[in-house]
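Structure first, commentary second.
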Amino acid sequence: MEAEKRIEQLRETLVYHSDRYYNLDDPEISDYEYDKLMIELRELEAKHPDLVTKDSPTQRVGGEAKREAGVLVRHNVPMLSLQDVFSREEVDAFVEEMRKQLTEPEFVVEYKIDGLSMSLRYEQGELRLAETRGDGVNFGEDVTANARVIRDVKKKLKEKVPYLEIRGEVYMTEEAFRAVNERQELLGKKTFANPRNCAAGTLRQLDSKVTRERGLSMFIFNVQQVRGMELSTHTEGYEFLKRQGVPVIDDYKVCRTAEEVWDAIVKIGENRGNLPYDIDGAVVKINRLSDREILGATSKVPRWAIAYKYPPEEKETKIIDIELSVGRTGRITPTAVFEPVRLCGTTVSRATLHNQDYINELEVGIGDTVVVYKSGEIIPKIRTVVKEKRPSGAQIFQIPQVCPVCGAKTERERDTADIKCTSPNCPAQLERHIINFVGRDAMDIKGFGTVYIEELVRLQYLKDISDIFYLKDFREELIEQGIIGKEKNTDKLLEAIERAKQNDAYQLLCGFGIPNVGKAAAKGIMRKFRSIEALMEADMEALLAVNDIGEVSANCILKYFGDETNKRIIERLRAAGVNMEQREESKTDGRFEGLTFVVTGTLPSMGRKEATELIELYGGKVSGSVSKKTSYLVAGENAGSKLTKANELGVPVISQQQLQDMCGMDKTEKS
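At position 362 of the sequence shown (counting the first as 1) the number is 842 in my numbering, and the numbers step up by one without a gap.
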């Protein structure tokens, strides 16, 4: 049966994309595309009611409650989703149905914020619990610790209401989202696709410090339950919450006719491009709470509300240029500049082209006429090229083989679509390069924070890593301008820089940021060559003789030390007094040579860094993950998933005591 086959296909597709959206916070298709699939499934199930099943996406709410995000808690009030509608006819039909069932109903039309739903429970005016939507019906995740660090979440209400449960949307402003992605890129971490994904991932963080730093916001859109006071309408609830200092949805409007409801929806649609946050529709809900009681809910949605989804707006325009920018990781991003068009209430003239693969797939070039739309009604994107309007002689744009900032050669990164500048001294990459250089795994210069680096680069005190060791020459200027702080803070950092000159050569090598040369590889290399000078003279054969150094890593090393700019920087480091020699290690017998250890959990009297250094002292290698190649897992308290995997793979598990015994340490050494 054709219908049955299509229904199964749709269900499988929707379950997959629902999981990407709700549980993984990493959607692969737009809301509009998802909604179209859901509409098709609903229509087919309506025609074939005998094929409807309880586990169909049309019968379920949201995602799943995830244990790793927090302790599961049972909902006091289900956190249901809303019935989506896509046309004026459907809106009018909802209003008419409400008028049939209720006496002179009032409607509230308000923004539908694009974020992550969260409920807050207050007892005697104090916040007791914050929970996510989870499965929407039974369980959510306890995220109270993270909720407490969100600025808009009130820890204490002005009035001591015996019990109040309110529901809202945790979201991220465009400004906060840009700041987070800039920081992610600077630190070499994966960036977020959109503000909603970022907000969802942040709220589920296990470390509330991260949640605080990312600047989440929250609007309340409903009073779920209240005891000890009476509320008669939705808007009365809003007014009460405002008096408590609780932020509620902006610019809601009370309507009485279908015409007023539609006008309010249109007004929101016209204004959505001017908002500092994303919305994904407009919500129409019944105002009187007694009317809501009469209407009730299905297993999935309340009968007293709908969500109107705006159709995607598309317009043609012409590409007048393609600009290239270099990010802090060296990645080159092409951006299409086109004749300005008005979309979703704002004028747009630029859209990212991501990478060369994306450009090739679109077959786009300068002079082409393209169809532009806003993804999620926010981010301008090019949907397609209008090939019949292509000018003669137009060609598909090619990202050049030289960096547009510094002129260095560009290369395509292995197993990715990214083309990157190969020069670590490219001004566009400088901040990230310096962050790596002063970091714990490299030169470990304490107190040299990201904020200082950004400012010193901006003011051109730092043009490459060697400039760090000449900052002392500008001490008076730095103090006068307050870049690092007053005299005490400035001297403290300058002293830390001075101490770093005596670091082992492997730390310096790690700080160079040579691709495929991390801390462990740097130690192995310097154990072999003993000095930076000797390493600079090494050939391919000598490099390949080092354990765990393959042809790719060796080529990266040869390329780095063959670069004239890098040679100049190394000479300046030497002139500044930076140590280039590897210290003599304590004489050990290399008993762990060829063995790979993983350290996990909390050890009784030794930090992971100390355990790592001990293992490496005896010639062993320390890895961050357990595999079949792991020789031993050193496990402390709360060892977690690594212990489980070690047991599954049959990897020997030892304690700190056993590790020390294997090193032949006596009691004096252990203490």
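For glycine and all other residues, C-beta sits at the position ideal for the given N, C-alpha and C. Please read all numbers here as calculations on a predicted model, not as lab measurements.
On the premise that residue j lies in contact with residue i, defined as a C-beta separation below 8 Å, what is that separation, rounded to the nearest angstrom?
i: Lys798; j: Glu819; result: 5 Å
i: Tyr651; j: Asp594; result: 7 Å
i: Phe619; j: Arg554; result: 6 Å
i: Ser538; j: Leu517; result: Inspection of the sequence shows that residue 538 is occupied by Thr rather than by Ser. That pair is no contact at about 11 Å.
i: Thr849; j: Glu796; result: 6 Å
i: Tyr1112; j: Leu1083; result: Between Leu1083 and Tyr1112 the Cβ distance is about 14 Å, and since that is not below 8 Å, they are no contact.
i: Arg647; j: Phe701; result: 7 Å
i: Cys1036; j: Val997; result: 7 Å
Please go through the same chain and pick out, in chain order, the residues whose beta-carbon is closer than 7 Å to the beta-carbon of residue i, but skip the five residues on each side of it.
i: Pro907; result: Val885, Cys886
i: Cys1143; result: Leu1094, Tyr1098
i: Ser1011; result: Ala985, Met1060, Glu1061, Gln1062
i: Gln875; result: Gly845
i: Tyr514; result: His497
Please classify residue i as buried or exposed, where buried requires at least 16 neighbouring CB atoms within 10 angstroms.
i: Leu939; result: exposed
i: Ser779; result: exposed
i: Asp530; result: exposed
i: Glu548; result: Residue placement at Glu548 is poorly supported in this model, since its pLDDT is 43, which falls under 50; the coordinates still yield a value, given next. Classification of Glu548: exposed, given that the 10 Å Cβ count is below 16.
i: Val1131; result: buried
i: Pro675; result: buried
i: Asp687; result: exposed
i: Pro791; result: exposed
i: Leu1024; result: exposed
i: Ala526; result: exposed
i: His714; result: buried
i: Leu1129; result: exposed
i: His913; result: buried
i: Glu649; result: buried
i: Gln1173; result: This structure gives no information on residue 1173, because the portion of the chain shown stretches from 481 to 1151.
i: Glu911; result: buried
i: Ile519; result: exposed
Who are the Cβ neighbours of residue i in its own chain at under 6 Å, not counting the five residues just before and after it?
i: Arg608; result: Arg601
i: Leu1015; result: Phe1009
i: Arg863; result: Val851, Tyr853
i: Lys999; result: Asp921, Cys990
i: Ile964; result: Tyr932, Leu958, Thr970, Leu973
i: Val918; result: Ile925, Phe928
Does any C-beta atom of chain D lie closer than 8 Å to the C-beta of residue i?
i: Gly927; result: In the structure shown, chain D cannot be found, because there is only a single protein chain.
Could you say which of the options lies nearest to residue i if we only look at CA atoms?
i: Arg723; options: Gly1081, Lys640, Ile786, Glu935; result: Lys640
i: Glu843; options: Val821, Val866, Tyr853, Ala831; result: Val866
i: Asp1141; options: Gly1104, Tyr1098, Lys1108; result: Tyr1098
i: Asp953; options: Gly965, Thr930, Glu978; result: Glu978
i: Phe720; options: Gly1074, Thr849, Gly605, Arg579; result: Gly605
i: Arg658; options: Cys678, Glu649, Ile879; result: Cys678
i: Lys765; options: Leu804, Phe574, Leu696, Val817; result: Phe574
i: Ser567; options: Phe1077, Ile786, Phe928; result: Ile786
i: Glu1073; options: Arg1052, Gly1004, Ile1037, Ser1105; result: Gly1004
i: Gly1087; options: Asp1069, Val1114, Thr1110; result: Val1114
i: Glu740; options: Ile963, Leu974, Pro585, Asn969; result: Pro585
i: Phe587; options: Leu596, Glu576, Val806; result: Glu576
i: Cys901; options: Ile859, Tyr950, Ile812; result: Ile812
i: Pro756; options: Ile859, Tyr838, Gln836; result: Ile859
i: Leu560; options: Leu596, Met578, Gly847, Arg613; result: Arg613
i: Val817; options: Asp801, Ser1103, Thr809; result: Asp801
In chain order, what residues of the same chain lie with their CB nearer than 8 Å to the CB of residue i, ignoring the 5 residues before and after it?
i: Phe634; result: Note on identity: in this sequence residue 634 is Lys, with Phe being the wrong assignment. The answer, listed in chain order, is Leu607, Gln724, Gly725, Val726.
i: Glu645; result: Asn556, Val557, Ser599, Leu600, Arg601, Tyr602, Val703, Gln704, Gln705, Val706
i: Gly761; result: Asp564, Lys592, Ala787, Tyr788, Lys789, Tyr790
i: Phe1153; result: As shown, the chain starts at 481 and ends at 1151. That puts residue 1153 outside it, with no answer to give.
i: Leu711; result: Val703, Gly717, Phe720, Leu769
Hey, could you find the ends of the alpha helix (DSSP H) residue i is sitting in?
i: Arg752; result: Premise fails: Arg752 is in no alpha helix (DSSP H) and is neither H nor E.
i: Asp837; result: 836-842
i: Tyr496; result: 482-498
i: Phe1009; result: 999-1009
i: Leu600; result: Per DSSP, Leu600 belongs to no alpha helix (DSSP H); it is in the beta strand (DSSP E), 596-603.
i: Lys722; result: 714-723
In the DSSP assignment, find the beta strand (DSSP E) that holds residue i and state where it starts and stops.
i: Gly761; result: 759-766
i: Arg554; result: 552-554
i: Gly648; result: 643-651
i: Val571; result: Not the beta strand (DSSP E): Val571 falls in the alpha helix (DSSP H), residues 568-581.
i: Leu951; result: Leu951 -> no beta strand (DSSP E), and no H or E assigned at all.
i: Arg822; result: 812-823
i: Asn916; result: Asn916 -> not in any beta strand (DSSP E); alpha helix (DSSP H) instead, spanning 910-918.
i: Gln1136; result: Counting along the chain, Gln1136 falls outside any beta strand (DSSP E), though it belongs to the alpha helix (DSSP H) covering 1136-1142.
i: Leu609; result: 606-612
i: Phe587; result: 587-593
The ligand NAP and residue i: does the residue's C-beta get closer than 7 Å to at least one heavy atom of that ligand?
i: Cys886; result: The ligand NAP is not among the ligands present in this structure, which contains no ligands whatsoever.
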